[in-house]
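Below you'll find the structure, written out as structure tokens, and then a few comments.
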Amino acid sequence: MFQEAKRDADVEKVCRVFGDYIKASPYLEWLWSDKLGYVLMQINLERQEIMESHVITDAGKLCWILFNEIADDVLERTQNDHATYEADADERARIKKRLKPYTDQLPEYNGLCEKLWEK
Numbered sequence: 001m002f003q004e005a006k007r008d009a010d011v012e013k014v015c016r017v018f019g020d021y022i023k024a025s026p027y028l029e030w031l032w033s034d035k036l037g038y039v040l041m042q043i044n045l046e047r048q049e050i051m052e053s054h055v056i057t058d059a060g061k062l063c064w065i066l067f068n069e070i071a072d073d074v075l076e077r078t079q080n081d082h083a084t085y086e087a088d089a090d091e092r093a094r095i096k097k098r099l100k101p102y103t104d105q106l107p108e109y110n111g112l113c114e115k116l117w118e119k
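Quick note on the UniProt record's numbering: the sequence shown kicks off at 1 and runs consecutively.
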């Protein structure tokens with residue numbers, strides 16, 4: 001017998017803020033499991049594979065993963081194939097600009113943005 005997972009208001013808030021991004025992304029799928037709770041999957045549609053999955057237990061973890069996804073999107077669009085912490089000043093400015101709508105709505109997680117530049 002398992003104990004049914006419980007919903008979390010902070011995770012739900014982060015999910016609402018990033019909702020359009022998650023829906024539009026061909027690489028992400030957001031699910032609710034009665035056994036595990038919130039599950040974020042990183043997927044490959046072409047190969048019909050789950051590349052990675054995360055059981056989300058707190059809002060900070062979800063925010064961190066999504067900040068990284070967006071930063072990777074920015075670097076991919078500028079055709080720079082390197083880690084976020086290697087971003088130059090221009091790339092960092094672009095990433096911050098892309099994250100601003102989310103950080104404005106979730107100021108309690110702004111500190112996570114600065115961690116993007118750490119190795």
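Here a beta-carbon is modelled for each residue, glycine too, at the ideal position from N, C-alpha and C.
Measure the CB-CB distance between residue i and residue j and report whether it falls below 8 Å.
i: residue 75; j: residue 87; result: yes
i: residue 13; j: residue 59; result: yes
Can you list, in chain order, the residues of its chain whose CB lies under 7 Å from that of residue i, leaving out five sequence neighbours each side?
i: residue 45; result: 26
i: residue 29; result: 41, 43
i: residue 125; result: For the chain, the structure presents residues 1 to 119; residue 125 sits outside this window and is missing.
Out of the options, which one is the CA nearest neighbour of residue i?
i: residue 57; options: 98, 106, 10, 108; result: 10
i: residue 15; options: 102, 4, 90; result: 102
i: residue 106; options: 39, 48, 67; result: 67
i: residue 50; options: 59, 39, 60; result: 39
Starting from the C-beta of residue i, find all residues in its chain whose C-beta is less than 8 Å away, skip the five residues before and the five after it, and write them out in chain order.
i: residue 117; result: 84, 85, 87, 92
i: residue 70; result: 21, 95, 98, 99, 102
i: residue 23; result: none
Output needed for residue i: all residues of its chain with C-beta closer than 6 Å, excluding positions within five of it in sequence on either side, in chain order.
i: residue 37; result: 5
i: residue 8; result: none
i: residue 109; result: 63
Since I believe residue j is in contact with residue i (beta carbons under 8 Å), could you give me their beta-carbon distance rounded to a whole number of angstroms?
i: residue 63; j: residue 112; result: 6 Å
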